[in-house]
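To keep things clear, I will list the structure first and then write my remarks on it.
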Ligand SMILES: [Zn+2]
Ligand SMILES: [Zn+2]
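Residue numbers (our numbering), protein chains in the order written: chain A, 34 to 297; chain B, 5 to 201.
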């Protein structure tokens, strides 16, 4: 590759496209979550031109096989093949699109250091985007399951059974975000909420991928669980997620109707 | 770091979209070595654009009066609106000479990752324009990328109860390209948009 101006070497990995941002006239900076190299920001040259060799392969939420060239500040994408381009099934469904955005932003925030591998979070993120694209479960449920399990990877999953403070065996009625989740009557700080027991059960089901319980949950418990998950997440992140308030949660009935239609 | 005026200029240029620190420096020194009359013309163009150009109060295209040139034109049809992201898209579509209706410029696309939701765009204004029932067809001409498609999906759902004819620009294979190089999304779209010959 002499004369190109890059001294670095080529490397290859599979990755999920998390974010794309315009750069100059026709380029983009692509934020990739790679399997073995963690989060990588790379330049895709000429990608916005209609005749670009990349085509639509570097659109958000696609699972791709990429070849990158190490650069001085940003790596450069030299080749890309689609493994599963989920973007198509996501952009045609608005709630899915908003959920995919929140998943991508969370993955980005939970990988603060570039090029630091995080295989567990990569697999979790890829699985969530796939589940979302396939529409197997309500998109709002997919998001909450992802957030709960991603917080688990980060080491601050909320306590859902035993008391978050003293470990007293649960279930408990109280729930406090600052205290770390479910709290027993002795440890319950002022301002603790009292979610419905079914809400906590739903959160536990989502955290452990018990989809039978999750899919059968009631809309009001889903709403309450979403609120608690979001509050728990925001408490632990320094800056609020921009995408979370824009998530279209009003999809439970539509999802169910579509699921029935797709299955039949 | 430079001092005073030159660094101020580099800082200001560096805030422009697509201009990195290196380009900012290059432009600043180009300005410094340019003819004073050229620089004055550039400065006047910058000031005048903010003084004279505003946004059309009806369609949010760029305008030099209350309404833009297209909204003022009585020969254009009020029965079809074309929804685009930016004023530059109006220019691109006008160049084709294919469209004789009115526009509505959203001011961008829905992009939750950048914190842009429907309330940050001229969506409510579009709904208000459609409420009088004059418009019969809405052409969604947002960009053929994920954000643009998702925005079109959102708008189509939103206006559905109004019973309008909603269409989306066909997207597919670029003219001059080879089929084998098309990616799955582009090829899928092209299949969807196939037409009788
Ligand atoms: Zn306790
Ligand atoms: Zn106008």
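Glycine is no exception: its CB is placed at the ideal position from the N, C-alpha and C atoms.
Per the coordinates, the alpha-carbon of residue 200 of chain A lies some 11 Å from the alpha-carbon of residue 214 of chain A. Secondary structure note for residue 195 of chain B: its alpha helix (DSSP H) is the uninterrupted segment 188-196. In this structure, the beta-carbon distance from residue 119 of chain A to residue 94 of chain A falls below 8 Å.
The beta carbons of residue 148 of chain A and residue 97 of chain A sit no closer together than 8 Å.
Against residue 151 of chain A, chain B offers no close residue; the least beta-carbon distance is about 19 Å (beta-carbon pairs closer than 9 Å).
By the criterion of at least three beta-carbon pairs nearer than 8 Å, the region 265-278 of chain A is in contact with the region 115-127 of chain B.
Under the 10 Å beta carbon count, residue 68 of chain B is surrounded by fewer than 16 other beta carbons and is classified as exposed. With a cut-off of 7 Å, the C-beta of residue 74 of chain B is classified as near ligand 2, since at least one heavy atom of the ligand falls inside that distance. Residues of the same chain with a CB within less than 7 Å of the CB of residue 85 of chain A, apart from the 5 flanking positions on each side, are 79 in chain order. Within the region 8-26 of chain B, the residues whose Cβ lies closer than 9 Å to some Cβ of chain A are 21, 22, 23 and 24, listed in chain order. Neighbours of residue 92 of chain A across chain B, judged by C-beta separation under 8 Å: 149, 150 and 189. Sequence-distant Cβ neighbours of residue 217 of chain A in its own chain, meaning closer than 8 Å and more than five residues away, are 196, 198, 199, 201, 203, 205 and 207.
Across the set A:70, A:171 and A:116, the C-alpha of A:171 shows the shortest separation from the C-alpha of residue 281 of chain A.
Residues of the region 129-158 of chain B with a C-beta less than 7 Å from any C-beta of chain A: 149, 150, 153, 154, 157 and 158, listed in chain order.
What residue 134 of chain A touches in chain B, judged by beta-carbon distance under 7 Å, is 116 and 117, going in chain order. Cβ neighbours of residue 138 of chain A within its own chain (closer than 6 Å, five residues either side excluded): 274 and 276. Listed in chain order, the positions of the region 143-172 of chain A with a beta carbon within less than 7 Å of a beta carbon of chain B would be empty, since no residue qualifies. When C-alpha distances from residue 152 of chain A are compared across A:243, A:68 and A:258, the shortest belongs to A:68. Using a Cβ distance threshold of 8 Å, residue 66 of chain A and residue 140 of chain A count as a contacting pair. The beta carbon of residue 17 of chain B sits closer than 7 Å to those of 23, 28, 31 and 32, all from its chain and outside the five residues before and after it, given in chain order. Closer than 7 Å to some heavy atom of ligand 2: that does not describe the Cβ of residue 139 of chain B. Three or more pairs of CB atoms, one per stretch, sit closer than 8 Å, so the region 99-106 of chain B contacts the region 73-84 of chain B. Within the region 106-129 of chain A, the residues whose Cβ lies closer than 8 Å to any Cβ of chain B are, in chain order, 115, 118, 120, 121, 123, 124, 125, 126 and 127. By the criterion of a C-beta distance shorter than 7 Å, residue 147 of chain B is surrounded in its chain by 89 and 113, once the five residues flanking it on both sides are discounted.
A Cβ-Cβ separation of about 30 Å leaves residue 25 of chain B out of contact with residue 66 of chain B under the 8 Å criterion. Closer than 8 Å at the C-beta level to chain B, one finds these residues of the region 63-86 of chain A: 83, 84 and 86. Between residue 186 of chain A and residue 157 of chain A, the gap from beta carbon to beta carbon is short of 8 Å. In the three-state reduction of the DSSP assignment, residue 129 of chain B falls in the helix class. Excluding residues up to 5 positions away in sequence, 228, 229 and 232 lie with their Cβ nearer than 8 Å to the Cβ of residue 257 of chain A in the same chain. Residue 104 of chain A is positioned such that its CB atom lies no closer than 8 Å to that of residue 168 of chain A. A Cβ-Cβ contact shorter than 8 Å links residue 144 of chain B with residue 160 of chain B. Residue contact with chain B for residue 271 of chain A: absent (no Cβ-Cβ distance below 8 Å to any residue of chain B). Residue 192 of chain B belongs to the set of residues whose beta carbon lies under 8 Å from a beta carbon in chain A.
Between the alpha carbons of residue 11 of chain B and residue 36 of chain B lies a gap of roughly 12 Å.
With respect to chain A, the C-beta atom of residue 6 of chain B has no partner C-beta closer than 8 Å.
Look at residue 121 of chain B: its C-beta is under 8 Å from a C-beta on chain A.
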